[in-house]
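According to my numbering, the sequence shown is numbered sequentially starting from 210.
To keep things clear, I will list the structure first and then write my remarks on it.
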Amino acid sequence: KFFGQASKDGEKGLTQKEQKAIIKAFRMGEYDVLLSTSVAEEGIDIPAVDLVVLYEPVPSEVRMIQRRGRTGRKRTGRVKVLITLGTRDEGYYWSSVNKERNMRNQLINPKVLKELNDSAIERMENEKRVKVLDRPKKEDNDKPVVYADSREGNSKVIRHLTEMEIDVKVNSMAVGDYQVSDEVVIERKTAKDFVDSIIDKRLFKQARELSEEFKRPLLILEGDDIYNGMLHPNAVRGTLAAIAIDFGISIIPTRNSQDTAAMIKRIAVREQNGEKTPIQIRTDKKPTSLWEQQLFIVESLPNIGPVNAKNLLQHFGSVEKVLNASENELMEVEGIGKKTANNIRKVVESEYLYFQKEIKEKKLL
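In structure tokens:
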């Protein structure tokens with residue numbers, strides 16, 4: 210009888226949860242024998258087996274050693290190879306046996322060992338003298354900066370980013386999981402997180418916050434099994450369409466945590482373009498002192514980060530004067546261009562119309 214995740218011959222397959230329960234019962238001694246294919250042994254991460262049965266030999270000594278390596282890790286194990294007499298199976302089997310014997314003879318040959326050691330020592334000495342010209346060592350100041358939410362602290366993504374020479378700064382962020390500039394924020398969701406957030410209705414709230422707080426929000430969807438959950442595929446497709454069209458959030462698929470880290474690095478490099486400009490992080494923590502509150506208010510203006518906020522306050526002397534300054538007066542401040550000055554005046558002068566939208570929505574209800 211076949212038990213796997215796939216349905217076969219009219220029988221429904223096992224879920225991952227059910228398979229894990231069987232493994233647990235086996236560990237607890239409820240079952241004496243557990244049979245599985247090599248796919249199950251690798252996928253469920255079983256560290257060792259007592260018996261390996263190979264249904265055909267291979268002519269490669271390396272592959273035969275690898276197959277035998279599934280057993281005999283903690284104690285003596287057995288390997289059975291099924292061979293059909295009078296066929297090429299016999300040739301494959303003896304070919305791998307002879308190749309393995311030759312390999313063993315070479316490894317125990319003192320002359321060959323000495324040559325290998327001398328060659329390894331020479332390579333190590335050469336590597337010490339070689340200077341890598343195409344990838345100079347980066348100073349900390351030259352590394353792209355990625356701000357990560359504290360809830361991502363134990364994520365593999367942060368470890369991969371650090372290995373990729375990214376300056377990762379962990380902060381408590383009110384919106385998103387990663388931020389690479391004042392305009393770009395990234396929400397990362399694994400396939401399971403994505404489906405769960407649809408079910409508990411968190412996803413649209415998060416999408417609204419992302420689109421309201423940032424000009425260019427991104428959603429990284431990690432994993433390729435978003436259609437294997439409890440939701441109908443059309444419900445998943447409808448959600449993806451709503452996120453992209455209604456909220457204007459770009460969706461980027463990745464395979465795993467390492468692929469996610471590589472994508473975040475590429476986004477950070479492209480967005481920062483080698484420039485070390487401070488990034489305004491939206492945090493849950495509200496400023497307490499007067500000067501922090503003043504900076505907080507000015508930083509909330511379009512395209513204004515910590516440096517420009519400080520420049521504006523030092524130039525005009527108060528928040529009131531900053532808000533009352535004309536477009537030309539704003540452009541006198543270092544770091545404020547025509548576009549930024551125009552956006553600031555537009556925010557300050559425009560009539561608040563969101564309440565009219567709320568009234569329309571209530572009438573529709």
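Virtual Cβ for every residue (Gly too), placed ideally from N, Cα, C.
Segment limits, beta strand (DSSP E) that includes residue i
i	result
Lys398	Val393 to Thr399
Val261	Leu260 to Leu263
Thr463	Ser459 to Thr463
Backbone secondary structure at residue i - three-state DSSP
i	result
Tyr356	strand
Leu504	helix
Lys283	coil
Val306	helix
Lys378	strand
Arg425	strand
Arg344	Residue confidence is low: Arg344 scores 46 on pLDDT, short of 50, so the model does not pin down where it sits. No coordinate-derived value is stated.
Glu239	coil
Leu573	Note that Leu573 has pLDDT 49, beneath the 50 cutoff, so the model's placement of it is unreliable and the number below is only indicative. If DSSP states are grouped into helix, strand and coil, Leu573 belongs with the helices.
Leu562	coil
Val290	strand
Lys226	helix
Glu431	strand
Lys221	coil
Tyr301	helix
Ile407	helix
When the options are compared against residue i, the one with the closest alpha-carbon
i	options	result
Leu428	Lys308, Met472 and Ala444	Met472
Lys548	Asn520, Pro511 and Glu529	Pro511
Ile454	Pro266, Ser420, Val478 and Gln467	Ser420
Arg554	Ile513, Gly526 and Gln523	Ile513
Lys378	Lys519, Gln388 and Lys233	Gln388
Arg272	Leu522, Val242 and Lys308	Lys308
Ser359	His369, Ser381 and Ile274	Ser381
Ile232	Arg313, Arg464 and Ser245	Ser245
Pro426	Ile476, Thr371 and Ala400	Ile476
Asp533	Asn552, Ile545, Ala518 and Glu558	At residue 533 the sequence reads Asn, which differs from the Asp that was named. Checked all of Asn552, Ile545, Ala518 and Glu558; the closest Cα to Asn533 is Glu558.
Leu370	Lys424, Val478, Met540 and Glu538	Val478
Gly457	Asn443, Glu418, Leu440 and Ala444	Glu418
Ala400	Arg464, Lys424 and Glu392	Arg464
Lys283	Ile461, Ser509, Ser305 and Asp259	Asp259
Pro462	Ile452, Ile395 and Gly432	Gly432
Ala444	Ser406, Asp468 and Lys474	Ser406
Pro515	Asn551, Glu501 and Ser459	Glu501
Ser269	Trp303, Leu294 and Tyr240	Trp303
Asp376	His524, Ala470, Arg313 and Glu396	Ala470
Other residues of its chain near residue i: CB distance less than 8 angstroms, five sequence neighbours each side excluded
i	result
Leu562	none
Ser535	Arg554
Val556	Leu510 and Pro511
Pro442	Tyr436
Ile506	Val528
Asp468	Glu431
Cutoff 7 angstroms; reference residue i; Cβ partners in own chain excluding five residues on either side
i	result
Phe403	Leu430 and Ile435
Gln503	Leu522 and Val528
Glu220	none
Glu299	Ile292
Glu392	Phe423, Lys424 and Arg425
Ile460	Leu428, Leu430, Leu449, Ile452 and Ala453
Ser305	Pro266, Val267, Pro268, Ser269, Glu270 and Met273
Limits of the alpha helix (DSSP H) - the one that residue i falls within
i	result
Ser466	Ser466 to Gln481
Ile454	Pro442 to Ile454
Ile274	Glu270 to Arg277
Ile553	Lys547 to Glu558
Lys519	Pro515 to Phe525
Ile367	Lys365 to Glu372
Lys530	Val528 to Asn533
Asn537	Glu536 to Met540
Residues near residue i by beta carbon distance below 6 angstroms, same chain, minus five either side
i	result
Val290	Leu263 and Pro266
Val288	Val261 and Arg277
Asn517	Gly544
Ala438	Note on identity: in this sequence residue 438 is Gly, with Ala being the wrong assignment. Once the five neighbours on either side are set aside, the close Cβ partners of Gly438 are Val404.
Residue-level contact to chain D via CB, residue i, 8 angstroms cutoff
i	result
Lys226	Although the question refers to chain D, the structure presented lacks it and comprises just one protein chain.
Residue i CB to nearest heavy atom of the ligand SAM below 7 angstroms
i	result
Leu427	This structure simply doesn't include the ligand SAM, nor any ligand for that matter.
Query raised in the report: Between the region 397-417 and the region 446-462, do three or more beta carbon pairs fall short of 8 angstroms?
Result: yes
Report task. Decide yes or no for the touch test of the region 400-410 against the region 364-381: beta carbon pairs closer than 8 angstroms, at least 3 of them. Result -> no
Query raised in the report: Do the region 264-273 and the region 222-237 touch if we need at least three Cβ pairs shorter than 8 angstroms?
Result: no
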